[in-house]
Structures are given as C-alpha cells and as structure tokens.
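Those sequence lines, one after another, are chains A and B. Sequential numbering of the first sequence, starting at 1, is according to the working numbering. Sequential numbering of the second sequence, starting at 276, is according to the working numbering. Glycine residues also receive a C-beta, built at the ideal position from the N, C-alpha and C atoms.
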Amino acid sequence: MRLYGHRVTWPAALGFLIIAINLFAALGAPLIAPFDQAEVVCDAWDEPSASHLLGCDNLGRDLLSRLLFGARMSIGLSLLITTLSFSIGIVTGFTAAIAKGWVDAALSRAVDLMLAMPSLIFAFVVLSVLGTDVAVLVVTLACLDSTRVFRLSRALAMNIVALEYVEVARLRGEGLWWIITREVLPAARAPLIAEFGLRFSFAFLFVAALSFLGLGIQPPDADWGSMVRDYRDMINLGISAPFWPAGAIAVLTIGVNFVVDWLLAIQSRGHGENA
Amino acid sequence: MLRMIGLRLALGVMTLFGASVLIFAGTEILPGDLASALLQNNATPENLATMREQLGLDRPAVVRYAAWFGGALQGDLGRSLASERPVAGELAPRLRNTLFLAVYAAAIAVPLAIALGLMAAVWQGSVFDRGVNMVTLMTISIPEYLVGYLLMKYISVELGWLPTLANVTDDTALGERFYLTLLPMLTLVLVVIAHMMRMTRASVLAIMASPYIEMAFLKGIPKWIVVVRHAFPNALAPVISVVALNLAYLIVGVVVVEAVFVYPGLGQLMVDAVSKHDVPVVQACGLLFSSAFILLNMLADIAAILANPRLRHPR
Numbered sequence: 001m002r003l004y005g006h007r008v009t010w011p012a013a014l015g016f017l018i019i020a021i022n023l024f025a026a027l028g029a030p031l032i033a034p035f036d037q038a039e040v041v042c043d044a045w046d047e048p049s050a051s052h053l054l055g056c057d058n059l060g061r062d063l064l065s066r067l068l069f070g071a072r073m074s075i076g077l078s079l080l081i082t083t084l085s086f087s088i089g090i091v092t093g094f095t096a097a098i099a100k101g102w103v104d105a106a107l108s109r110a111v112d113l114m115l116a117m118p119s120l121i122f123a124f125v126v127l128s129v130l131g132t133d134v135a136v137l138v139v140t141l142a143c144l145d146s147t148r149v150f151r152l153s154r155a156l157a158m159n160i161v162a163l164e165y166v167e168v169a170r171l172r173g174e175g176l177w178w179i180i181t182r183e184v185l186p187a188a189r190a191p192l193i194a195e196f197g198l199r200f201s202f203a204f205l206f207v208a209a210l211s212f213l214g215l216g217i218q219p220p221d222a223d224w225g226s227m228v229r230d231y232r233d234m235i236n237l238g239i240s241a242p243f244w245p246a247g248a249i250a251v252l253t254i255g256v257n258f259v260v261d262w263l264l265a266i267q268s269r270g271h272g273e274n275a
Numbered sequence: 276m277l278r279m280i281g282l283r284l285a286l287g288v289m290t291l292f293g294a295s296v297l298i299f300a301g302t303e304i305l306p307g308d309l310a311s312a313l314l315q316n317n318a319t320p321e322n323l324a325t326m327r328e329q330l331g332l333d334r335p336a337v338v339r340y341a342a343w344f345g346g347a348l349q350g351d352l353g354r355s356l357a358s359e360r361p362v363a364g365e366l367a368p369r370l371r372n373t374l375f376l377a378v379y380a381a382a383i384a385v386p387l388a389i390a391l392g393l394m395a396a397v398w399q400g401s402v403f404d405r406g407v408n409m410v411t412l413m414t415i416s417i418p419e420y421l422v423g424y425l426l427m428k429y430i431s432v433e434l435g436w437l438p439t440l441a442n443v444t445d446d447t448a449l450g451e452r453f454y455l456t457l458l459p460m461l462t463l464v465l466v467v468i469a470h471m472m473r474m475t476r477a478s479v480l481a482i483m484a485s486p487y488i489e490m491a492f493l494k495g496i497p498k499w500i501v502v503v504r505h506a507f508p509n510a511l512a513p514v515i516s517v518v519a520l521n522l523a524y525l526i527v528g529v530v531v532v533e534a535v536f537v538y539p540g541l542g543q544l545m546v547d548a549v550s551k552h553d554v555p556v557v558q559a560c561g562l563l564f565s566s567a568f569i570l571l572n573m574l575a576d577i578a579a580i581l582a583n584p585r586l587r588h589p590r
C-alpha cells in the first residue's frame with residue numbers, strides 16, 4: 001500500500017486504522033451509541049450482556065455509550081487545544097525568526113522560562129485561580145503547549161528566511177503576514193505535520209491526566225480521563241470498567257505515535273525515494 | 276571549567292527567580308479574582324472589599340510578590356486558606372513522603388535502565404534487543420494510571436501479594452514504608468525506564484560507529500570491554516542528561532501515581548489545593564516542584580560539563 005508515493009509500513013497502517021476508528025467513534029457517537037451518555041438504563045455494575053456490550057457503570061449508565069461519547073470530548077478537546085497551540089506557536093515562532101533582534105530575544109527568553117517549569121504544575125497554578133472551566137482549560141493548555149511549537153517553528157523558519165526567495169518577498173515589500181503564510185509556512189509544512197501528531201498525543205494525555213485528577217472535564221460530561229477516575233475504586237472488586245477508558249487512551253496514543261514515527265522516517269529519508 | 280559551572284549555576288538561580296515570578300503572576304495578575312472565586316454567591320461589594328483586605332489583595336502586586344518570595348526564602352510560605360494553618364507545616368511531611376517515593380523509584384530505575392540499555396547495545400539486533408525495544412515503545416505511550424491500575428489489579432487484587440493503597444502515616448516504620456510503596460515505586464520505574472533505556476542504547480550505538488571503536492575491535496578486545504570501557508564513557512554525557520530529564524519527569528509523574536495509590540504526598544496536597552482554590556498552598560507546592568525540576572536540569576548540565584572535556588571551554 002502506498003500513500004503519496006510512500007510505502008505504508010505495518011505499524012503506520014495500524015496507526016491509521018486506530019485513528020480512523022477513534023475519529024469514527026468521536027464523530028458518530030450520537031448515531032452509533034446505543035444509549036445517551038447520561039441515560040440510566042440498567043442497575044449499577046451490571047455484567048456485560050447483549051444489550052450492554054461492556055456492561056454498566058456506577059450509576060447504571062451504558063459503558064459503551066459513555067466510551068463513545070467520551071471519545072468526542074477527549075479527542076475533540078485535544079484537537080482544539082493542538083490547533084490553537086499551533087496557531088499561536090507558528091505565528092510567534094515565525095515572527096521571531098523573521099523579525100530577529102529584540103522581538104526574537106524577548107520571545108525566546110520568555111519561552112525558555114516557561115519550559116524551565118513542568119507544564120502540569122504551571123497548569124495547576126492557573127487552574128487553581130481560574131477554576132476548571134472548559135474554555136479556561138483549552139486556552140491554558142494551548143498556551144503552555146505553544147511554547148514547544150514556538151521552539152520548533154522558530155528553528156525551522158530560521159533556515160527558511162535565509163533563502164533567496166524569502167529575501168525577494170521582503171524586498172518586494174510584502175508584509176509580515178504574507179511572508180509567514182505564503183513564503184515560510186509551505187516550506188515548513190512537512191515537519192510541522194509530524195509535530196502536530198506528537199503535540200496532539202501530548203495534549204490528549206495531558207487532558208486525560210487532568211481529568212483523572214479531577215481538575216479537567218467536570219461531570220456529567222463523559223471523558224476518558226474522568227471515567228477512569230469514576231470507576232477506579234472498582235478494581236478492588238474485580239470489575240474491569242476503568243480499563244476500558246484507560247486502554248482507549250493508551251491505544252489512541254500508541255496509534256498516533258506509530259503514524260508520527262512513520263512521518264518522521266519519511267522526512268529523514270528525503271523526498272522522491274520509494275523505499 | 277569552574278567559570279562554565281558558575282555561569283550555569285547563576286543561570287539556574289535566575290531561572291528559579293523567573294519561575295517564582297511566573298507562579299506568582301499566574302495566581303495574582305490573571306483576570307480571575309481570588310476574592311470573588313472564594314466568595315462565589317456571597318460576593319456583595321462589601322464582602323468583596325473585606326475579603327480583598329483580608330487576603331492582602333488591596334496592596335500592589337509587586338509588594339505582595341516581594342513579601343511572598345522573601346517569606347518563602349526564609350521558610351515562611353504563608354497560611355493555607357482552607358485550614359488556616361501555616362503552609363510550611365502541612366507541606367513538610369508530604370514533601371518527605373514524595374521525596375522518599377521519588378528517590379526509591381530513581382534508585383531502582385536509573386541503574387536498571389542503564390544496564391538494560393547497555394545490554395541492548397551489546398546484543399544489537401538480537402531477540403533481547405528487539406523485545407526490549409517493543410516493550411519500551413509501548414510503555415512510553417501508556418499513561419501512568421493505566422500502568423498503576425494494571426499492576427494493582429494483577430499484583431494486589433488477583434495475586435494478593437501487595438496492598439492496593441499506599442497509606443503511610445508519619446509513624447510508619449521504614450521497612451513497612453518500603454513494602455507499602457513497592458507498587459507505586461514499580462509504576463514509576465516502568466514509566467520512566469523506557470525513555471532512559473532507549474537513549475542509553477542510542478547514544479552507545481552512535482559511539483560504536485566511530486573509528487576508534489573499530490580500532491579497539493581490530494586489536495581483539497572482547498566486545499563487552501569495548502562497550503563498557505571504550506564506548507560508555509563517551510556516551511555518558513547524553514545519558515546523564517537523559518537521566519536527569521527523566522528524574523525531573525519523575526517529579527511530575529509522581530503527582531498522578533500518588534493519586535492512583537492514594538499516597539499522602541506533595542502531589543495529592545497540590546491537587547486538593549487546586550480544587551479548593553487554596554492559592555497559598557498551590558503556590559508553595561508549585562514553587563517546590565519547579566525548584567526540583569530546575570535543580571535537576573541544572574545538575575544535568577553541570578554533570579555534562581564535567582563528563583565531556585569539550586564542553587569545559589566556552590565556544
């Protein structure tokens with residue numbers, strides 16, 4: 001099998017399959033889920049049966065339905081965070097590389113400082129004041145994550161702005177926005193796409209960890225991290241409910257990493273080769 | 276060399292200072308006002324004014340920062356809003372517990388990761404190498420709580436070998452402590468070992484490709500001596516920095532693992548404080564976690580300078 005002329009290795013194919021299944025679950029949750037996520041349809045901790053394939057949870061809600069709706073929340077939020085963090089990171093990173101001088105120095109030092117602190121801890125500090133609202137969560141995590149995107153896009157753009165065609169655009173009198181979007185971005189696209197996958201899995205794990213700690217998505221919305229939190233006490237009773245959402249988190253992360261590895265391998269080989 | 280180390284130390288101190296400013300700014304200058312968050316529905320203008328005065332929010336931010344950071348340097352971290360007791364007193368036993376767990380995990384993980392990495396490098400391409408590679412690739416992607424709960428399910432619930440919860444108190448004996456924290460320690464080890472082991476393998480293999488190693492082989496030196504005596508010393512600098520980075524990660528990973536095993540550590544304290552809007556406690560915990568993180572990163576750089584003569588002179 002080939003994709004844009006590159007042979008798809010079996011881990012990459014598996015990764016694509018996992019991502020496709022997850023996206024399908026996330027987008028189609030209202031259509032394929034047998035019940036609503038908040039609907040009480042059976043007794044607490046009913047065993048898996050034909051009508052409830054994964055059994056029921058602590059309040060008698062269908063576990064499979066909650067898992068499907070949870071995919072929506074977890075994946076949707078992570079995509080939103082990553083997109084926002086890329087918008088911020090790319091614009092600031094490219095601006096730093098194009099403007100150079102004090103703009104570059106100020107932005108770089110600020111990012112160095114942010115990266116010198118563990119991001120989970122910094123997120124805690126912000127959330128303790130602003131509360132665990134979804135909008136606050138998205139903006140905070142996107143800002144924290146954008147520091148890493150800044151690093152990469154600045155490094156990429158540094159090499160690109162030194163090329164003649166960017167110089168030509170500058171001499172032609174094009175503005176900063178034109179140079180960022182029309183001259184630098186297309187040339188930096190490939191490594192940025194791989195980074196997007198990496199940052200997505202990071203944001204995904206981050207949101208799940210926050211929800212698991214009770215500081216992320218609040219009930220009654222289902223999200224994989226908070227589902228693990230809700231069901232965790234059941235491990236002592238031999239009920240394996242927490243392993244479904246926790247496993248789903250792990251499987252999607254592994255799938256994304258497989259695809260990212262493949263993308264990075266293609267880039268390091270260069271273009272036009274079929275191997 | 277001393278000058279390089281001195282520069283790095285100075286940078287570390289400056290970063291720490293910057294981090295304290297960020298933590299303070301994060302809680303004080305952001306649009307959410309602590310007084311209105313605490314009062315919620317009772318936020319009449321009069322109540323707000325009294326609350327602000329009580330919390331000292333009527334003073335300018337710079338003054339409050341100076342008071343807070345100055346106090347923190349002398350061990351006075353303010354009073355908790357929830358329990359109204361001094362933060363330092365609540366923090367001390369939690370900090371001890373967290374340090375105990377982190378050091379316990381590090382003492383097992385670091386030697387094990389380096390040994391496995393060296394073995395994988397010596398037997399490159401063997402079944403052992405490929406097996407370890409696959410397993411570590413998987414554990415990198417698995418969240419800490421899944422590892423923790425899997426261990427809990429199989430080792431403590433089904434086999435009944437270890438307790439599920441690590442509920443240590445101040446007067447738990449040392450031996451008992453090692454036993455109770457065995458499972459959290461194992462979880463942390465599994466989470467951090469993968470990256471350390473892979474980096475050790477990669478840096479040793481990168482050195483193995485150099486001409487002086489080929490020379491050593493041609494002299495007829497046994498393979499394990501070439502790896503341990505010739506390749507490993509040069510691979511040490513990257514390995515040390517990876518070890519320190521992973522230990523810094525361990526500090527953060529501890530937060531989640533503590534939640535899994537309900538271990539009374541600093542992470543649990545911080546998570547509780549965040550949900551209660553107990554800002555002084557959050558600030559103090561944040562400062563401690565960040566200092567540990569910055570300190571480990573600084574030690575990594577200094578160790579790299581010591582291990583690699585080429586880094587001893589400024590370029």
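Note on residue 124 of chain A: 16 or more other CB atoms within 10 angstroms of its CB, so buried under the neighbour-count rule. With respect to the 7 Å criterion, residue 362 of chain B and residue 555 of chain B are classified as neighbours on the basis of their beta carbons. If you compare the alpha carbons of A:259, A:99, A:209, A:151 with that of residue 167 of chain A, the shortest gap goes to A:99. Each of B:463, B:412, B:406, B:411 was checked against the Cα of residue 426 of chain B, and the nearest Cα belongs to B:463. Looking at the DSSP output, residue 62 of chain A shares a beta bridge with A:56. Residue 558 of chain B: member of the alpha helix (DSSP H) spanning 554–582, first to last residue. Taking residue 431 of chain B as the centre and dropping the five residues before and after it, the same chain places the C-beta of 437, 438, 439, 458 closer than 8 Å to its C-beta, in chain order. With contacts defined by Cβ atoms closer than 7 Å, residue 224 of chain A and residue 193 of chain A do not form a contacting pair.
Collapsing the DSSP output to three states places residue 172 of chain A in coil. Comparing C-alpha distances from residue 241 of chain A to each of A:266, A:254, A:252, A:227 shows the shortest one belongs to A:227.
Between residue 466 of chain B and residue 422 of chain B the beta-carbon gap is near 6 Å, inside 8 Å, which marks them as a contact. A Cβ-Cβ contact shorter than 7 Å links residue 571 of chain B with residue 523 of chain B.
For residue 378 of chain B, the secondary structure class from DSSP, reduced to helix, strand or coil, is helix. Shown here for residue 526 of chain B: same chain residues with a beta carbon closer than 7 Å to its own, the five before and five after excluded, namely 377, 564, 567, 568 in chain order. The DSSP-derived three-state label of residue 354 of chain B is strand.
The alpha-carbon of residue 346 of chain B is positioned some 11 Å away from that of residue 354 of chain B.
Within chain B, the C-beta atoms nearer than 9 Å to that of residue 228 of chain A come from 418, 420, 421, 424, in chain order. The secondary-structure analysis by DSSP pairs residue 361 of chain B across a beta bridge with B:354.
Residue 383 of chain B and residue 416 of chain B have their C-alpha atoms roughly 21 Å apart.
The segment 58–119 of chain A contains, as complete alpha helix (DSSP H) runs of 4+ residues, the segments 63–99, 101–115 (chain order). Residue pairing by DSSP puts residue 40 of chain A in a beta bridge opposite A:61. DSSP, reduced to helix, strand and coil, places residue 276 of chain B outside both helices and strands of the structure shown, so it counts as coil. In the structure shown, the three-state DSSP call for residue 546 of chain B is helix. Going by DSSP, residue 230 of chain A is part of the alpha helix (DSSP H) stretching over 224–231.
By the Cβ neighbour-count rule, residue 429 of chain B is exposed, with fewer than 16 other Cβ atoms within 10 Å of its own. Proximity of residue 494 of chain B to chain A, defined by a Cβ-Cβ separation below 7 Å, is not satisfied. Taking C-beta separations shorter than 8 Å and ignoring five residues to either side along the sequence, the partners of residue 191 of chain A in its chain run 152, 156, 267, following chain order. Inclusion of residue 433 of chain B and residue 528 of chain B in the CB contact set at 7 Å is not warranted, their separation being larger than that value. The alpha-carbon separation between residue 293 of chain B and residue 337 of chain B amounts to approximately 14 Å. With the criterion set as a beta carbon lying under 7 Å from some beta carbon of chain A, the segment 391–408 of chain B has no members that meet it. For residue 459 of chain B, the enclosing alpha helix (DSSP H) covers residues 457–483. Residue 243 of chain A has its alpha-carbon roughly 18 Å from the corresponding atom of residue 73 of chain A.
In this structure, B:478 is the residue among B:562, B:478, B:343 with its C-alpha nearest to the C-alpha of residue 395 of chain B. In this structure, the beta-carbon distance from residue 207 of chain A to residue 78 of chain A falls below 7 Å.
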